[in-house]
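What follows is one structure encoded as structure tokens, with my remarks underneath.
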Amino acid sequence: MGNAASPEVKRSSLYRRVWIMAFGAPPRKRQRMSKTAFVGKVFRVRIGDTRKDYNGKAHPEGAVYSTIKEFIECVGP
């Protein structure tokens with residue numbers, strides 16, 4: 861999201877796509893895309909195991925962890 865001095869959300873970013881899903885509409889011109897749009901929301905997501913580190917090396921079995929792979933829809937209020 862840019863840098864601390866001038867945060868910026870790119871049109872193709874995952875944050876923007878999920879924010880639109882939570883807010884229900886795209887942001888208006890110069891509208892702040894605050895993270896409060898996510899408060900109280902419930903999402904249907906796809907979860908998957910992360911089995912490799914950032915170098916592509918396999919994690920030991922005990923170090924495998926789950927992450928959100930895809931936001932499918934906003935199902936809550």
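To convert, note that position 49 of the sequence shown is 909 in the numbering used here; the numbers rise steadily by one, no gaps.
Each residue gets a CB set at the ideal place from its N, CA and C atoms; glycine is no exception.
Item	Value
Can you check the region 878-918 for any beta strand (DSSP E) of at least 3 residues that lies completely inside it and give the ranges in chain order?	903-910
Of the choices F903, L874 and G922, whose alpha-carbon is the least far from that of V935?	F903
Hey, E930 and V899 are a contact pair by Cβ (cut 8 Å); roughly how many whole angstroms apart?	In fact, because the Cβ distance is near 22 Å, the residues do not count as touching under 8 Å.
If you reduce the DSSP assignment to three classes, tell me which class E868 lands in.	coil
Answer yes or no: do A897 and A882 have a C-beta to C-beta separation smaller than 9 Å?	yes
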